[in-house]
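I have placed the structure first, in the form of structure tokens, so that the comments after it can refer back to it.
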Amino acid sequence: MAASRNSRLKVAPCDRFHIVLGHAPDCALGDVDADLLVAGHTHGGQVRLPFVGPVFTRSKIPRSWAAGMTKLTGNRTLIVSRGIGMQRGVAPRVRFLCRPELVIIELLPA
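Letter by letter, the sequence shown follows residues 42 to 151 of the working numbering.
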């Protein structure tokens, strides 16, 4: 079994396509043996600036991974949704140049 940054997250090895769904995309920084990782949490940065991208993500992933699809090492793909909500607490409840989104992923047989 492959470990990740979260020691409780395990993916059993087999010859099938593995999908990992998680709230935060930080699991993509570990060695999770999954083909597709799907997450949210970052809200795409919520506030984005031209030529800069997201100002703040509340995540350990690179800011360029905060929204959309990213090809990772080991033939893995990370999809991070901007979602439809906004941060609570200390973050401002505003979006700027970061439209809400609902991601639909269509999986087809090989």
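Ideal placement from N, C-alpha and C gives every residue a C-beta, glycine not left out.
| query | By DSSP, does T83 sit in helix, in strand, or in coil? | reply | coil
| message | Once the 5 residues before and after T114 are set aside, which same chain residues still bring their CB inside 8 Å of it? | response | none
| query | Which of the three DSSP states, helix, strand or coil, is assigned to R104? | reply | helix
| Exposed or buried, which one is R89 when buried takes at least 16 other CB atoms within 10 Å? | buried
| Proximal residues to G63 (C-beta, below 6 Å), its chain only, five neighbours per side dropped | A80
| field | Residue range of the beta strand (DSSP E) that includes V73 | value | It is not in any beta strand (DSSP E) - V73 carries neither H nor E in the DSSP assignment.
| query | Between the beta-carbon of L86 and the beta-carbon of P95, is there less than 8 Å? | reply | Note on identity: in this sequence residue 86 is Gly, with Leu being the wrong assignment. For G86 and P95, yes; Cβs fall inside 8 Å.
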